[in-house]
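Report on the following structure.
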Amino acid sequence: MENTNLTTEEVISKLDGLFTEKMQNVPTQEDVAGLKSELDSLKGLEEKSQEIEKAIAKFEGRIEAMSEKAITPKVERLSIGQSLFKSYAENIEAIKDAVEKGGKLNLDVKTTTITADYTGDYALTDFDTEVDRSVRNRYGILENVNTGATSGKFVTYVQQTATSGTGWTAEGGAKTEGDPTWSEISEEVKKIASYVKVSKEMLEDLSFIRAEIDNDLMEQVRVGIEQALLTGTGAGNQIKGLIDASMGLPGYNGNFDDLVQDANISDLLRVAKAQIEASNFTPTHVVLNPEDIAKLQLTKASDGAYTYPMFLPVQSGDGEMIIAGMRVISSTFMPVGDYLVGDMSRVNVRFRNNIAMSVGLDQDDFTKNMVTILAEARLVSYVKNNQKPAFVYGDIATDLALILKP
């Protein structure tokens, strides 16, 4: 015992308190070892009353029961959003203080979540601390676009709408007057948000739940951004998505109609690349649904043999698929049967506020002993008008039928 001046009753009371504290959460082997050490100090007394002997026997029984369900903590492996959990845990006292005072505390993070509901009884079982999380859609768009920050409600850029004219001039003849023009284009920042409510008792009694902040609330905001970067309508409070009509990306222009023998998906992607290059851009990526990627790789000739075009799909060193020098992004947000080819560096994403979390009281949270946790981000997505020919978006079946040689 740390304090050798404690009476026997105080020692027993302290041990009882330690057992109660450790059993509030899932005990670890480290907890069990610590309690055994405390109990050994009590057993080491030279003179033991009947009361002490009974207490020792009781505590030994509790240690034995605790040992049966104690776990060995796993080695910590931080994911993209667990940095939030560390920040959350480090600021828990500040969070509680803010909540008690009816205020709000902002934690600046990059991604994350908390689950507001937990059911189950692990008292008589082994407890697996790794939560069975919901499966989320794969990423790929945000990682490959041109990202940055903005400090305003709108992002405005200048578009050149006409270039200078030129002409060959005879000696002494009139020169051609250039008349370039420009105009301003503004894109509005939009907000995406989500929140959960959790009881203060859960925060106190189920400490491992806090680690799940990374795997629900903040992560769901991240998923929402990824989806909107492809399919956002641009209407109301949504950003513009690449394949939505609001973005205005061009489709196949018809230059290869009836020209490609036995056309397949690989042929179509190569045609799209040629169209983009004819507009003086260099496409970097192809976006396909996983099902269409499988169809591309499983294409066979009439004799059942796999077909291998000269721009054979290969795997790069980091596992990415490459076709005609373009990296393939596999996205379940891309509709089956659609394709997008383009220079992803021409996609501009500007964050007014990066993904952040706030903790506070909302409505009747105070009387219900609840805490509201909010995750949100503000951003805008756009492709400048003169750079839209760097993309081709279309329907695979429709465009294959167009380029197929009769």
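Numbering (numbering that gives the first Met the number 0), first residue to last: 0 to 405.
By construction, the Cβ of each residue, glycine as well, lies at the ideal position given by its N, Cα and C atoms.
Predicted, not measured: the structure shown is a model, and the values here were computed from it.
Using three-state DSSP, classify residue i as helix, strand or coil.
i	result
K299	strand
T331	coil
K196	strand
N353	strand
L123	Model confidence at L123 stands at a pLDDT of 47, short of 50, so the residue's coordinates are unreliable; what they give is reported in the following sentence. Looking at L123 - three-state DSSP - the assignment turns out to be coil, as it is neither helix nor strand.
F18	helix
A148	strand
Q49	helix
N407	Given a span of 0 to 405 for the chain in the structure shown, any question on residue 407 remains unanswerable.
L258	coil
L399	helix
S245	coil
E290	helix
N252	coil
T140	Contrary to the premise, residue 140 reads as Ile rather than Thr in this sequence. Three-state DSSP puts I140 in coil, outside helix and strand.
A54	helix
K404	coil
K387	helix
I11	helix
E170	coil
E59	helix
The alpha helix (DSSP H) with residue i in it runs from where to where?
i	result
E225	216–230
S265	264–277
G240	G240 -> no alpha helix (DSSP H), and no H or E assigned at all.
V31	28–42
In the DSSP assignment, what residue or residues form a beta bridge with residue i?
i	result
G393	Y338
T165	Answer is none; T165 lacks a bridge partner.
M369	S198
A64	None; A64 has no bridge partner.
L191	One detail in the question is off: residue 191 reads as Ile in this sequence, not Leu. I191 pairs with A376.
Y156	I184
M325	I322
V382	V346
Y305	K299
Please list, in chain order, all residues of the same chain as residue i whose beta carbon is under 7 Å from its beta carbon, the five residues on each side excluded.
i	result
Q237	K189, A227, G231
K422	Any property of residue 422 remains undetermined from this structure, which presents the chain solely from 0 to 405.
H284	N143, M325, R326, I328, G341, M343
D15	none
T281	D342
D361	T371
I255	This sequence places Phe at residue 255; Ile is not what is there. Within the same chain, F255 has close Cβ partners V270, I402.
D394	G336, D337
Y138	E225
V31	I62, M65, S66, A69
P179	Q159, A161, T162, S163
Suppose the cutoff is 8 Å on Cβ atoms and the five residues either side in sequence are ignored; what does the same chain contact list for residue i look like?
i	result
T149	V188, R349, F350, R351, V379
L297	Y305
N368	S198, K199, E200
S193	L216, Q219, V220, G223, L373, A374, E375
E183	T155, Y156, V157, Q158
G171	none
G233	K239, G240, D243, S245, M246
Spatial neighbours of residue i within its chain, please: CB distance less than 6 Å, with the 5 preceding and 5 following residues excluded, ordered by chain position.
i	result
K299	Y305
G177	S163, G164
R377	V188, K190, R351, N352
S278	P388
L267	D398, L399
N263	T298
Q274	N252, V391
Could you pull the start and end residues of the beta strand (DSSP E) that residue i belongs to?
i	result
E183	180–187
V285	284–287
For a cutoff of 8 Å on Cβ pairs, would you count residue i as touching chain B?
i	result
I11	Of the protein chains in this structure there is only one, and it is not chain B.
Three or more C-beta pairs closer than 8 Å, one from the region 283–291 and one from the region 322–331: is that the case here? yes
- [ ] Could you say if the region 179–191 and the region 154–162 meet the contact criterion of at least three C-beta pairs nearer than 8 Å?
- [x] yes
Would the region 387–401 and the region 241–252 be scored as touching if the rule is three or more Cβ pairs under 8 Å? yes
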